[in-house]
Amino acid sequence: MKPTRTGWRILLLLIFFILPMACGDKPEEKAPVASGDAKTTALFEVDVLRLAGGDWGYPTPFAHYPRGPGGFKMCLLFDSLLERDEKGLIPWLAESYRIADDGLTYWFVVRRNVLWQDGRPLTADDVAFSLTYANRHAATWSYIFDTIESVTLEGEQTVCVKLKQPHAAMLDNIGRTRIIPRHIWETVDRPKEFIAPEAVVGCGPYRLTDYDKAHGTYRFEAFEKYWGPRQRVGAIEYVPVGEATLAYEKGEIDLTTLSPDVMPRFKDDPTHNIVRSPAFWGYRLLMNMEAVAGLRERSVRQALAYAIDRKELVEKIARGAAVPGRMGILPPDHVMAAQGIHFYSFDPQQAELLLEGAGFRRPDTTGLRQTGDGQPLELTLLCSSQEVRMAELLRQRLGEVGIGVKVISVDGKTRDSRVRAADYQLAILGHGGWGGDPDYLRVRFAGGSMGPNAAPSHSGLVGYNAPVLLDLLNRQQTEIDPARRRQLIGDIQRELAEQVPEIPLFYTTAYSIYRPARYDGWMFMYDHHSLPHGKLSYLTRSGVALKR
Amino acid sequence: MTLGHGKRFLEYLFTVWVIVTLNFALPRTMPGDPFLYLSADEGDEVARFSQAQQDYYQRQYGLDRPLAVQYGTYLCSLARGDMGYSIYYNQDVSRILFQRLPWTLLLVSLAVGLSSLAGCLLGSLSAYHRGRFVDRWLFPAIVAFSEIPAFLLGLVLLFTLAAGLQWFPLSGAMTHFATFEGMMGKILDIARHAALPVLTLTLVRTGGMTLLARNSMTTVLARDYVRTARAKGLHPLRILTRHTLRNAMLPIVTRIFLSLGGLVGGAILVENVFAYPGLGRLMRDAVLVHDYPMIQGIFLLVTVSVLSANFAADLVYRRLDPRIQHLESLRS
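Going down the list, the sequences are from chains G and C.
As numbered in the numbering used here, residues 1 to 548 make up the first sequence, in order.
As numbered in the numbering used here, residues 1001 to 1332 make up the second sequence, in order.
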């Protein structure tokens, strides 16, 4: 009978679709699984931790996606010369290091008795190879590309790195570059495309035992012959999650970030721990001083800082989960944040006085101010579609002091490219990395060009020229002495607060939630805002990882 | 091959060339480039690419070469069946597509099938009882239901059936890192995970299908041969299935195949809500990160699926309506 035949066909089609998926674990997708996987509960505080997954790429130093969750998964597999704890850099694969007075030469003494996850020993030669390789091939999360003059071995354990030019941030940059095994990578010419199973063999505390690109799942298991501090977590599994808070509530994942709106639901429940992250992700208002002559006046930029109510932005846009921007740029949680920087509290009257002083008169108390040639003072504000509410609040506040603002909303990539091409008057830009080495201030504000570094904190400042600030920024770049550099960074923040070359609007402080009874080893790295990203979050805090 | 066939083949070739060229040109007309990251989603950290690093990547992917050369390379690769290597996902585009395609196919084909079935049934019922109690309630209810956005309905189902009653899993396409008792266990697990996304898509699509079926049925029900069938005292079910539905099927079949044609983007919102590994999410992400080869690959797949669906619709149409074949044979 006809209908029956059709029914069979549909059934066959369904089987055709479902069966391949049911048998879908392709062997080439799997990472190598070493023998001796069985772990006993006694070895670890918790056997398996589950976190929100999603595909962030194959976790090699070159193939993971250029996003935080990709980079930090890769770090579980690959160690580096230095590691980051709550206060700063700590020796890791390098037992010790030394920097020459001229800031051009670095020596690292490489730790002995370190094994790769395929059982071969790690040598200083591997370290020299890794640094040379990352200098020649751009690794996604390393900043030493094309900066090193030479890498040589001195004796059996010491690696000597000579830079092309002195650079105070290079200890951080070299220190966090991943060390890869020479015997696997020396024949690889296109590292971004090298996604063989052996590409994930590192010397880190965890091995990759499962990765599924389509589903976005990863499984990391403790590497039993790890040289360093013992793992507290036997395995870390990343699983796909649609609604993260719901998944956390149902116990499908063990940690998540929490929106301020749902915080009251968990606040008084002692079985949960809610932690505020340091404010290292922020929004900034860029001012194009080449396109708008008036913005070259320091007093006008200061007026804008007074006219914008940054506390209001924190309340209305970030719903309290943020801290207002500081004109010294570095957020209050930054290890080098200076104290006593002028805050520019919301003061529209002061803003009006400064604008009057700069020659922008207001014919009536409600209309727009006028420029010297009688034109209305009106600016465009470029933002991405996600920041329209923020832009509207800015428009309202600036309108109150007589500055007209026309909001232009585009998609994020378009905004980025227009900022890059200096095709804007005012622009809102949001990104992370505010907790990083303060050399980013030099790249942001040193001159009008984009400089060798472009993103994300390197969007360049167009039309700005401040000799004093420039001199300070260049001096800190080559200052190797930590105390003197800190002093310089403090001076730079004070000068920035005086000059107001841009206005940091606010730095977000997301909230993370977890059940301490399940696992309580979480930590924040000194310069980063995510709890599960820290490698030390999964290790015992003894020996080299001792909690300071 | 006749002259007519040759002309048709050339026309088809021209269409494909236009589509392929548009596939190449469209992503490149978007402002920004794949290696420029000035901003990130809130809370997200992006890698800093220095200018030297950006130049290195541009060279590696041949994006520093003139557009004409890139275009030529793209056409040559495509002729060899090579869809390119994804800039962001670091894998062959074709491989990524074929890993994701079965999941979207599963969701969309089930949803299209179920919604068509439900739509035909409800539409027939509504048309048969036109103006009476059933129709008066069913019609506005269906219209209201079809207006609910898919993601909202998905969230409601997620909160009630998955989180509240715990009948279904919260997200994903299968349980990971678990051992199953035989193949049947795994198939059941996949079915449980697909249930809510399929239900959401089915509910969203049923409204449109019902209205279409109702209109089509209403027209056919007014025909003389239906009146004759009634006069003959045939059972209403037999009149509906044998005499009416079959003749009312033509616009419904067209709609079903058009839905299949749009399967790639069709499930995007639902895939997001349930973290389902389909092509919709892939397409959205590829556009956001300006992954040119990936965007080209997905657009090509969309084109091929639309063309194939149209072709299939054409075939089925001929079987359902013998008049078309008859007309064609008369012409030739």
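Where is the CB? At the ideal position from N, CA and C, for every residue including glycine.
Proximity of residue i and residue j at Cβ, strictly below 8 Å
{"i": "Ile480 (chain G)", "j": "Ala305 (chain G)", "result": "no"}
{"i": "Gly1154 (chain C)", "j": "Val1270 (chain C)", "result": "yes"}
{"i": "Arg178 (chain G)", "j": "Ala139 (chain G)", "result": "yes"}
{"i": "Met1217 (chain C)", "j": "Gly1123 (chain C)", "result": "yes"}
{"i": "Pro1251 (chain C)", "j": "Lys413 (chain G)", "result": "no"}
{"i": "Ala322 (chain G)", "j": "Thr508 (chain G)", "result": "yes"}
{"i": "His529 (chain G)", "j": "Gly432 (chain G)", "result": "yes"}
{"i": "Val48 (chain G)", "j": "Glu237 (chain G)", "result": "yes"}
{"i": "Leu1097 (chain C)", "j": "Leu1301 (chain C)", "result": "yes"}
{"i": "Arg418 (chain G)", "j": "Leu1036 (chain C)", "result": "no"}
{"i": "Gly202 (chain G)", "j": "Phe78 (chain G)", "result": "yes"}
Any chain C beta carbon closer than 8 Å to residue i
{"i": "Ala510 (chain G)", "result": "yes"}
{"i": "Gly367 (chain G)", "result": "no"}
{"i": "Ala454 (chain G)", "result": "Per-residue confidence for Ala454 (chain G) stands at a pLDDT of 45, beneath the threshold of 50, marking its modelled position as unreliable; no derived number is given."}
{"i": "Ile184 (chain G)", "result": "no"}
{"i": "Phe78 (chain G)", "result": "no"}
{"i": "Ala545 (chain G)", "result": "no"}
{"i": "Phe346 (chain G)", "result": "no"}
{"i": "Ile18 (chain G)", "result": "Any reading at Ile18 (chain G) is ruled out, since the residue's pLDDT is 48, under 50, leaving its predicted position unreliable."}
{"i": "Arg98 (chain G)", "result": "no"}
{"i": "Thr478 (chain G)", "result": "no"}
Distance, residue j Cα to residue i Cα
{"i": "Arg541 (chain G)", "j": "Pro229 (chain G)", "result": "7 Å"}
{"i": "Ala169 (chain G)", "j": "Tyr106 (chain G)", "result": "12 Å"}
{"i": "Val1046 (chain C)", "j": "Leu255 (chain G)", "result": "22 Å"}
{"i": "Arg190 (chain G)", "j": "Ile1087 (chain C)", "result": "13 Å"}
{"i": "Gln1166 (chain C)", "j": "Ala1178 (chain C)", "result": "19 Å"}
{"i": "Thr60 (chain G)", "j": "Tyr218 (chain G)", "result": "13 Å"}
{"i": "Pro69 (chain G)", "j": "Lys213 (chain G)", "result": "14 Å"}
{"i": "Gly242 (chain G)", "j": "Met327 (chain G)", "result": "38 Å"}
{"i": "Leu89 (chain G)", "j": "Leu531 (chain G)", "result": "17 Å"}
{"i": "Lys316 (chain G)", "j": "Met287 (chain G)", "result": "23 Å"}
{"i": "Thr380 (chain G)", "j": "Ile408 (chain G)", "result": "7 Å"}
{"i": "Asn113 (chain G)", "j": "Lys73 (chain G)", "result": "24 Å"}
{"i": "Ile195 (chain G)", "j": "Pro1140 (chain C)", "result": "55 Å"}
{"i": "Lys1232 (chain C)", "j": "Glu1011 (chain C)", "result": "51 Å"}
{"i": "Leu1125 (chain C)", "j": "Val1108 (chain C)", "result": "25 Å"}
{"i": "Val1316 (chain C)", "j": "Arg1223 (chain C)", "result": "24 Å"}
{"i": "Ala34 (chain G)", "j": "Gln231 (chain G)", "result": "Since pLDDT at Ala34 (chain G) reaches only 40, below the 50 mark, its modelled position is unreliable, and the value read off the structure follows with that caveat. Straight-line Cα distance between these residues: approximately 17 Å."}
{"i": "Leu398 (chain G)", "j": "Leu1022 (chain C)", "result": "43 Å"}
{"i": "Glu221 (chain G)", "j": "Ala483 (chain G)", "result": "41 Å"}
{"i": "Tyr1276 (chain C)", "j": "Leu1199 (chain C)", "result": "14 Å"}
{"i": "Pro20 (chain G)", "j": "Asp416 (chain G)", "result": "Because Pro20 (chain G) carries a pLDDT of 46, less than 50, the predicted location of this residue cannot be relied on, and the following value inherits that uncertainty. For Pro20 (chain G) and Asp416 (chain G), the distance between alpha carbons rounds to 42 Å."}
Bounding residues of the alpha helix (DSSP H) (the contiguous stretch that carries residue i)
{"i": "Ile184 (chain G)", "result": "Arg182 to Trp185"}
{"i": "Ser299 (chain G)", "result": "Arg298 to Ala307"}
{"i": "Gly71 (chain G)", "result": "Gly68 to Leu77"}
{"i": "Lys267 (chain G)", "result": "Met263 to Lys267"}
{"i": "Asp189 (chain G)", "result": "Note, Asp189 (chain G): premise wrong, no alpha helix (DSSP H); not H, not E."}
{"i": "Asn173 (chain G)", "result": "Met170 to Gly175"}
{"i": "Glu315 (chain G)", "result": "Arg310 to Lys316"}
{"i": "Tyr1225 (chain C)", "result": "Asp1224 to Ala1231"}
Any non-hydrogen atom of the ligand ADP within 7 Å of residue i CB
{"i": "Gly204 (chain G)", "result": "This structure does not include the ligand ADP; it has no bound ligands of any sort."}
Extent of the continuous beta strand (DSSP E) run through residue i
{"i": "Met1183 (chain C)", "result": "Here Met1183 (chain C) belongs to no beta strand (DSSP E); instead the alpha helix (DSSP H) covers Gly1182 to Leu1221."}
{"i": "Lys406 (chain G)", "result": "Gly404 to Val410"}
{"i": "Lys162 (chain G)", "result": "Thr158 to Leu163"}
{"i": "Phe1049 (chain C)", "result": "Counting along the chain, Phe1049 (chain C) falls outside any beta strand (DSSP E), and DSSP gives it neither H nor E."}
{"i": "Phe220 (chain G)", "result": "Thr217 to Ala222"}
{"i": "Gly234 (chain G)", "result": "Val233 to Val239"}
{"i": "Ser1115 (chain C)", "result": "Unbroken run through Ser1115 (chain C) is the alpha helix (DSSP H), Val1093 to Tyr1128; no beta strand (DSSP E)."}
{"i": "Glu149 (chain G)", "result": "Ile148 to Glu154"}
{"i": "Cys383 (chain G)", "result": "Glu378 to Ser384"}
{"i": "Phe44 (chain G)", "result": "Where Phe44 (chain G) is concerned, there is no enclosing beta strand (DSSP E), given that its DSSP letter is neither H nor E."}
8 Å Cβ cutoff, residue i in contact with chain G
{"i": "Gly1043 (chain C)", "result": "yes"}
{"i": "Val1338 (chain C)", "result": "Since the first and last residues shown for chain C are 1001 and 1332, residue 1338 (chain C) lies out of range."}
{"i": "Gly1164 (chain C)", "result": "no"}
{"i": "Phe1274 (chain C)", "result": "yes"}
**Report entry** Positions along the region 277-308 of chain G whose CB lies within less than 7 Å of some CB in chain C
**Finding:** Trp281
Query raised in the report: When you check each C-beta in the region 1078-1096 of chain C against every C-beta of chain G, which residues fall closer than 8 Å?
Result: Using a CB distance below 8 Å, the part of the region 1078-1096 of chain C facing chain G consists of Tyr1085, Tyr1088, Tyr1089, Asn1090, Gln1091 and Ile1096, ordered along the chain.
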